[in-house]
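Step one of this worksheet: look at the structure below.
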Amino acid sequence: MKNDFNHSVSDEFFRLLMPKNEYHEYYRQTLIPSHLKALKYNLSHGNKDLFFFEISSVYGAPHQQEELLTLSGVGILENIFSLWKIEKEISFTLPSLNYLYFPQSAEIFIGEEGIGFFGRLHPQIAQKYQINENIFVAQVSLSRIIDYLNRFSTPISYQPVSNFPSSTKDLSFIFSENINYGEVIELIKEVVGNNLQEIKVFDVYQNAELERTEKKSVSFHLIFRSSSKTLESKEIEKILENIIERVEKVFMAKLRG
């Protein structure tokens, strides 16, 4: 199944001179197959709530080695990018990888350089491993991220956590199928300013009707908090109105009720 996972390091796989067995005769270009084997084993033994990660080297062209972090699960990448203080440099584009399910996946960029991907594994690939559940995976190049940090990062500074309470809201919009999530997030950050503590995509949905019209629903989880006061309900409502107005206007979107 090695051809299912051709990745950006190289389109060619390199064979070991002395493989220990027929199942380990090629250098890995991605860590996903080993995750799928572990997932299959656990699912067949009744373990459903699963999360895996692996950090390891992969090999493409001769003398080209890359360190990858691969995750099986959802929601952790945002925390990693936030920890490294690079979340503002991260953007997303539509996936070009055939082993990802298009409506629920994206490729990840830091600046202008592609560093990985996240999303739902294509059902046809999952079925080859006899997995019927929806599998979400993410893979990023630690080598490229560390190189970026060495070239462009500024010293990390911290500020005290606000003593004032936060307010949590969710917004769902209907977008064109080729929407760039990163651009929407940047616009919302611009609208809200310093009162936005956190924003992330938590759901991407496309039913038959949305697919027919080449649209999909994207849901955002937002946490508001001020460092100087408690935000009142009417202030939050005004912020939400501004977000909805700008997102609908800029991206020709529609708020999903």
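Position one of the sequence shown corresponds to residue 1 (UniProt numbering), numbered consecutively onward.
Here a beta-carbon is modelled for each residue, glycine too, at the ideal position from N, C-alpha and C.
Note that the structure is a prediction, hence the values are computed from the model and not measured.
Only counting the same chain, and skipping five residues up and downstream in sequence, which positions put a Cβ closer than 8 Å to that of K37? By one-based count along the sequence shown, residue 37 stands at place 37. Result list for K37: Y129, in chain order.
Give the straight-line distance between the Cα atoms of K2 and I179, rounded to the nearest whole angstrom. To locate residue 2, count along the sequence shown from 1; it is residue 2. To locate residue 179, count along the sequence shown from 1; it is residue 179. In this predicted model, K2 has a pLDDT of only 48, less than 50, meaning its place in the structure is not dependable enough to derive any value.
Limits of the beta strand (DSSP E) - the one that F102 falls within: Along the sequence shown, one-based indexing puts residue 102 at 102. Unbroken beta strand (DSSP E) run through F102: 100 to 110.
Count the other CB atoms within 10 Å of the CB of Q127; is the residue buried (16 or more) or exposed (fewer)? As a position in the sequence shown, residue 127 is number 127, starting the count at 1. Result: exposed.
Inter-stretch contact at 8 Å, needing at least 3 Cβ pairs: the region 166 to 181 / the region 238 to 247: yes
Would DSSP call F181 helix, strand or coil? As a working mapping, residue 181 is identified with position 181 in the sequence shown. It should be pointed out that residue 181 corresponds to Tyr in this sequence rather than to Phe. The answer is helix: DSSP assigns Y181 an H, G or I state.
In angstroms, rounded to a whole number, what distance separates the CA positions of I115 and I185? Along the sequence shown, one-based indexing puts residue 115 at 115. Along the sequence shown, one-based indexing puts residue 185 at 185. Rounded to whole angstroms, I115 to I185 spans 19 Å at the Cα level.
Could you give the distance in angstroms between the alpha-carbon of F251 and the alpha-carbon of E183? Within the sequence shown, numbered from 1, the residue matching residue 251 stands at position 251. Within the sequence shown, numbered from 1, the residue matching residue 183 stands at position 183. Near 9 Å, if we compare the C-alpha coordinates of E183 and F251.
Would R144 and E113 be called neighbours here (beta carbons separated by less than 8 Å)? Counting from 1 along the sequence shown, the entry for residue 144 is found at position 144. Counting from 1 along the sequence shown, the entry for residue 113 is found at position 113. In this structure, E113 lies closer than 8 Å to R144 by Cβ.
Hey, which unbroken runs of the alpha helix (DSSP H) at 4 residues or more fall wholly within the UniProt domain "FDX-ACB" (162 to 256)? 181 to 192, 208 to 212, 233 to 251
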